[in-house]
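Asker: If you count by my numbering, then the sequence shown holds residues 12 to 677, one letter each, in order.
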Amino acid sequence: MSQLFPHLFEPITLGSHTIRNRIVSSGHDTVLDDHGQIGEDLVAYHEARAAGGAGLIVLQVSGVHETARYTNHVLMATDDSSVPGYRAVAEAVHRHGATIIAQLFHPGREVMDGQRGMAPRAVAPSDAPQERFKVVPEALSTAAVKDIVAGYASAAKRIASSGIDGVEIVASHGYLPIQFFNPRINTRTDEYGGTPANRRRFLAEVVAAVRAAVGPDVVVGLRISGEEKTEEGLVAAEILELIGHLDELEHEGTDCLDYFSITAGDSSTLQGAVHIVPSMQVDPAYAANLSEQVKKITDKPVMVAGRINQPHEAEAAIAEGRTDMAIMTRAMICDPAMAGKARRDAVEEIRACIGCNQACIGHFQLGVPISCIQYPESGRELTFLPRPQVRIRRRILVVGGGPAGLKAAAVSAEQGDEVILCEAGPHLGGAVLLAQELPYRAEFGGAATNLSAEAVRAGVDIRTSTPVTQQIVDELDPDHVIIATGARQRMPDLEIADDAFVIGARDYLEQNPQLPAGRVLVTDWKGDWIGLGIALRLAEAGTPVTLATAANFAGAAIQQYTRTLLVSQALRTGRISFLSDARLVGVDADTGYLQSTLCEIVHEVDEVAATIVSAAPRSVVPDLDLRAASVRVIGDALAPRTVEEAVYEGLTAASELAVAELEVTG
Ligand code: SF4
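1) Answer yes or no: does any C-beta atom of chain B fall closer than 8 Å to that of Ser-630?
2) Based on the DSSP secondary-structure assignment, which residues constitute the bridge partners of Leu-558?
3) Work out the CA separation of Val-230 and Val-10 for me, nearest whole Å.
4) For the beta strand (DSSP E) containing Phe-20, name the first residue and the last one.
5) Less than 8 Å between the CB atoms is what I'm expecting for Tyr-186 and Gly-237, so what's the real figure, rounded?
6) What do you get for Met-291, buried or exposed, if any count of 16 or more other CB atoms within 10 angstroms of its CB means buried?
7) I'd like the ranges of any alpha helix (DSSP H) spanning at least 4 consecutive residues and lying wholly in the region 243 to 322.
8) Compare the beta carbon distance of Asp-40 and Asn-83 with 8 Å and say whether it is the shorter of the two.
9) State buried or exposed for Thr-153, treating a residue as buried only when at least 16 other CB atoms are found within 10 Å of its CB.
10) Taking the runs of the beta strand (DSSP E) that are 3 residues or longer, which of them lie wholly in the region 390 to 459?
11) On a Cα-Cα basis, can you pick out the residue from Gly-74, Phe-16, Val-35, Phe-20 that is closest to Thr-44?
12) Quick check: is any heavy atom of the ligand SF4 less than 7 Å from the C-beta of Leu-341?
13) Which partner residues of Thr-29 appear in the DSSP bridge assignment?
14) Can you look up Val-379 in the DSSP assignment and give me helix, strand or coil?
15) Do three or more CB pairs link the region 384 to 394 to the region 436 to 444 at distances below 8 Å?
16) Mark Ala-3 as exposed unless 16 or more other C-beta atoms lie within 10 angstroms of its C-beta, in which case mark it buried.
17) Give the straight-line distance between the Cα atoms of Asp-176 and Gly-96, rounded to the nearest whole angstrom.
18) What are the residues that DSSP puts in a beta bridge with His-7?
19) Could you say which of Arg-60, Gly-232, Ile-196 lies nearest to His-28 if we only look at CA atoms?
20) Kindly indicate which three-state DSSP category Gly-351 falls into: helix, strand or coil?
21) In chain order, which beta strand (DSSP E) runs of at least 3 residues are fully inside the region 487 to 537?
22) Can you find a heavy atom of the ligand SF4 that lies under 7 Å from the Cβ of Gly-366?
23) So which of Ser-641, Val-658, Tyr-659 has the shortest CA-CA distance to Ala-671?
24) Are there 16 or more other CB atoms within 10 angstroms of the CB of Thr-340, so buried, or fewer, so exposed?
25) With respect to the alpha helix (DSSP H) encompassing Ile-170, which residues constitute its N-terminal and C-terminal limits?
26) The alpha helix (DSSP H) spanning Ala-105 covers which residue range?
27) Judging by CA-CA distance, which residue of Leu-251, Leu-595, Gly-162 is the nearest neighbour of Val-218?
28) Measure the C-alpha to C-alpha separation of Gln-71 and Ala-65 and round it to an integer number of angstroms.
29) Can you pull the DSSP bridge partners for Thr-2?
30) Tell me the rounded alpha-carbon separation between Gly-538 and Asp-266.
31) To the nearest angstrom, how far is it from the Cα of Val-443 to the Cα of Ser-591?
32) Here's the rule I'm using: 16 or more other beta-carbon atoms within 10 Å means buried, otherwise exposed. How should Met-87 be labelled?
33) Check whether the Cβ atoms of Thr-534 and Leu-487 sit closer than 8 Å, and answer yes or no.
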């Protein structure tokens with residue numbers, strides 16, 4: 012039993028089931044479905060978290076009605092062909108002692124995808140338009156409302172028949188059940204609109220119908236936003252009133268609900284949606300004040316989400332009585348074994364999630380399978396796990412101690428090879444060390460910390476301040492060389508007047524020079540954190556800034572929720588002017604010249620005291636004569652991209668070397 016986290020590892024009872032600990036992986040879209048059903052990829056994904064020690068796994072949403080297809084990858088529980096998939100994932104999770112619950116879902120107007128790229132259609136209580144996905148829903152008839160209520164019941168019964176331990180009704184984030192309750196959205200005049208009792212009716216009927224369908228031995232929970240945090244959204248007092256009514260519902264002497272799962276936010280606006288998966292700009296466990304309020308009005312167990320990334324944050328929230336269980340979904344996307352490590356107090360082994368949102372929710376929004384920038388094995392369990400073990404130990408030289416090199420080194424060593432990693436600079440981490448210098452991005456540095464620790468634990472011989480020369484290669488005589496030397500700043504071809512102050516973004520971050528007083532023109536070729544982050548840092552220090560991006564808009568390459576928060580912070584400074592679709596072509600003493608990327612127009616930005624240039628970086632590959640060794644180049648040294656691609660290529664390089672050895676040795 013954990014000495015550090017006694018509350019976190021105390022079992023807890025939800026209805027008829029006792030959960031082994033308080034750590035929850037909440038329902039989250041994975042795009043690991045097999046044509047809308049549960050296949051072996053999704054089973055392997057959840058089995059890894061169960062094997063890693065999670066107490067409760069909540070499966071991603073399952074549509075309860077044909078009108079509930081909110082993406083092209085949503086699981087559907089509308090007919091019996093879905094049952095074998097639920098059974099397979101239930102058996103896999105149960106094998107490792109965890110409990111599994113499935114989410115019952117209808118999005119109402121929150122529909123992201125239409126068919127084959129067409130604009131989506133949606134149904135909702137009323138025709139109130141949805142701002143984020145630009146959907147104008149059709150108002151449901153009274154008969155259609157009742158048909159959807161019946162859909163919840165039949166889906167619940169079907170899922171429960173598969174051996175899944177419970178179902179969770181999703182009324183969070185502005186989805187259909189809560190659309191009915193919101194008087195700013197629901198303008199109906201029938202029995203489902205108008206008075207609070209009428210607006211509660213849909214959800215109350217769903218809750219009662221689900222309990223009636225599954226009986227007393229299946230767990231039934233409710234997921235709800237404690238506060239929707241958006242313009243037309245519900246406030247905490249309204250939500251608490253609703254929870255109070257639902258808490259009292261009974262069916263044949265059994266409480267209809269066994270627990271409440273609290274989150275925050277609303278899907279319908281960019282402002283509200285950031286709380287669906289809050290990024291690194293948001294404080295850890297920030298939504299525990301909402302679960303704390305819910306705990307005051309119910310005796311049932313309450314769990315809470317909201318950037319609980321570390322076991323000590325979860326332990327504190329439970330110990331302080333602010334929640335009963337901690338939802339730590341990304342913590343286990345990043346490290347499926349997090350719960351087991353916490354249980355044996357091995358906190359230094361935990362690969363902490365850094366809240367970047369890039370490969371988890373970011374992949375979902377791109378319509379591709381889930382992963383993690385730090386742990387690309389996530390979502391690829393069947394390809395990369397368990398690690399192959401080589402029969403004949405080789406010597407592998409890794410050149411470069413950034414994300415790609417560290418991952419290649421750690422995995423190779425874990426597979427049984429002898430690994431020497433040489434880094435030219437004094438520190439490990441590569442480009443991560445600069446990224447963490449940007450405002451609100453300090454946590455990104457955790458990627459370097461985590462990857463370095465993994466390499467050390469795996470037994471890699473790490474040599475910093477060691478540029479690799481041919482002499483070193485000859486002395487070490489490695490069987491394989493992996494080059495991961497990263498990328499360097501490149502200045503574009505510009506016309507720059509002698510008296511203009513112009514500096515590259517990387518130099519600016521590394522050297523932090525004193526800039527001339529006055530407006531700073533920040534130019535940005537990609538629409539990522541670099542330009543926006545530098546502009547924000549300057550503006551927060553009082554400097555007027557023009558941010559010109561060659562992308563369609565500032566932050567275009569950043570995951571949506573992260574970008575929303577970052578641009579909001581930039582807007583709040585009141586000191587940043589934005590210019591899009593423009594590339595820098597020249598600078599004179601006080602003017603920047605930017606060519607439109609769309610047409611012949613040239614923009615002039617006046618009264619510029621200094622210009623900071625972020626341009627496409629250039630790969631760096633050492634000029635070594637490596638004819639004797641097998642050599643491969645990975646990460647930014649191959650093609651400058653992001654940490655995600657670098658780490659993935661470190662993994663694939665190491666895996667392929669092991670597989671090749673096993674094929675040779677039979
Ligand atoms: Fe966490 Fe980023 Fe990995 Fe998502 S991609 S799980 S936010 S580290």
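All C-beta atoms, glycine included, are put in the ideal place defined by N, C-alpha and C.
Answerer: Taking the geometry as given:
1) Absent from the structure is chain B; it holds one protein chain and no more.
2) Val-533, Phe-589
3) With the chain covering only 12 through 677, there is no way to say anything about residue 10.
4) It is not in any beta strand (DSSP E) - Phe-20 carries neither H nor E in the DSSP assignment.
5) Actually they are not in contact, since the Cβ atoms of Tyr-186 and Gly-237 sit about 15 Å apart, beyond 8 Å.
6) buried
7) 247 to 258, 281 to 284, 299 to 306
8) no
9) exposed
10) 406 to 410, 429 to 433
11) Per the sequence presented here, residue 44 reads as Asp, with Thr not at that position. Of the listed residues, the one whose Cα sits closest to Asp-44 is Gly-74.
12) Sequence inspection shows Arg at residue 341; the Leu mentioned does not correspond to that position. Yes, Cβ of Arg-341 sits closer than 7 Å to a heavy atom of the ligand SF4.
13) Thr-24
14) coil
15) no
16) The chain is shown only over 12 to 677; residue 3 falls outside these bounds and no answer can be derived.
17) 14 Å
18) No information on residue 7 is available, as it lies outside the stretch 12 to 677 that the chain covers here.
19) Gly-232
20) helix
21) 491 to 494, 513 to 515, 530 to 535
22) yes
23) Ser-641
24) buried
25) 153 to 172
26) For the record, residue 105 in the displayed sequence is His; it is not Ala. 94 to 105 is the extent of the alpha helix (DSSP H) around His-105.
27) Gly-162
28) 16 Å
29) Within the shown structure, residues of the chain are numbered from 12 to 677, placing residue 2 beyond reach of any answer.
30) 51 Å
31) 26 Å
32) buried
33) no
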